[in-house]
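In mature numbering (1 follows the signal peptide of the UniProt record, and there is no 0), the protein residues as written are -25 to -1, 1 to 230. Even for Gly, the Cβ is constructed at its ideal location relative to N, Cα and C.
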């Protein structure tokens, strides 16, 4: 169950995409049901890359700085209603009292990543301080979830050669940033993300703000209506045939 949503079956995705095209042609994609079936079809339990139809638009929704019980739980409820899996880059210090929320993320097919223990800049740290931020978070999440396949997103997107050398996993940045922390304006965030959306993009948001949760769910609904399928970061790159490498940095998976 823990691996659900991170690895793919090609034939399952192909069937899901066929279902989406049939429902769209029939004019039945009103509300969330069709989107639920289509996006849920991205999940699988093998290491095979999914077979994606030509022209299919994929996009990854990612969240930093959580978990925060009130807002993250409401976001998970909304994503579950829509059949969408996202990627969460978590603050280690906030995991201890929210272990049940983190386990729920994992069990429902969302991908979990590292965002340091205290949300500090990783650049120019010595190895001991780096380990106190990254390895401590990795060990905690491994204890909670029982696996150790976490991606890293450095706070503020800041990294140097030491961060790359010590990361111990791929480093994931983003291609769409609504800067939702600035004014917490749901309408503005939705408009910006939808206008900048493109196949293979990675969206950065924060699940600690109620306005961002509202914006994220509106973005899902609007982009679903435009034919996008939402997937985790691992699913996105697997669908593009890109093998993520430890210490390498990735912004997007544009075709």
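- Rounded to the nearest whole angstrom, the C-alpha separation of residue 195 and residue 77 is 21 angstroms.
- Taking 4 residues as the shortest admissible run, the segment 137 to 166 contains the following complete alpha helix (DSSP H) segments, listed from N- to C-terminal end: 155 to 158.
- If you draw a straight line from the Cα of residue 99 to the Cα of residue 212, it is about 29 angstroms long.
- Only residues of its own chain outside the window of five on either side were considered, and among them 139, 145 and 146 have a CB closer than 8 angstroms to the CB of residue 223, listed in chain order.
- Comparing alpha carbon positions, the residue from 114, 217, 49 and 135 closest to residue 92 is 114.
- Secondary-structure assignment with DSSP links residue 38 through a beta bridge to 63 and 180.
- Non-local beta-carbon contacts of residue 191 in its own chain, meaning distances under 7 angstroms to residues more than five positions away in sequence, involve 36, 50 and 180 in chain order.
- In the three-state DSSP reduction, residue 89 falls in the strand class (E or B).
- For residue 204, the enclosing beta strand (DSSP E) has its first and last residue at 203 to 206.
- Residue 127 has 89 and 146 as its beta-bridge partners, per DSSP.
- Scanning its chain for C-beta atoms nearer than 8 angstroms, with the 5 sequence neighbours on each side dropped, one finds around residue 119 the residues 70, 74, 77 and 78, in chain order.
- Taking a 10 Å sphere around the C-beta of residue 218, we find fewer than 16 other C-beta atoms and assign the residue as exposed.
- Residue pairing of residue 32 in beta bridges, as defined by DSSP: 203.
- Between residue 65 and residue 87, the C-beta spacing is below 8 angstroms.
- The continuous stretches of alpha helix (DSSP H) do not include residue 73, and DSSP gives it neither H nor E.
- CA-CA distance, residue 210 to residue 40, rounds to 22 angstroms.
- DSSP places residue 80 within a helical segment (H, G or I) once states are collapsed to three.
- Across the structure, residue 101 and residue 201 are spaced so that their CA atoms are roughly 46 angstroms apart.
- Only residues of its own chain outside the window of five on either side were considered, and among them 96, 97 and 98 have a CB closer than 8 angstroms to the CB of residue 133, listed in chain order.
- The continuous stretches of alpha helix (DSSP H) do not include residue 101, and DSSP gives it neither H nor E.
- Taking residue 109 as reference, the option from 122, 135 and 142 with the minimal CA-CA separation is 142.
- In this structure residue 42 is buried. Its beta-carbon is surrounded by 16 or more other beta-carbon atoms within 10 angstroms.
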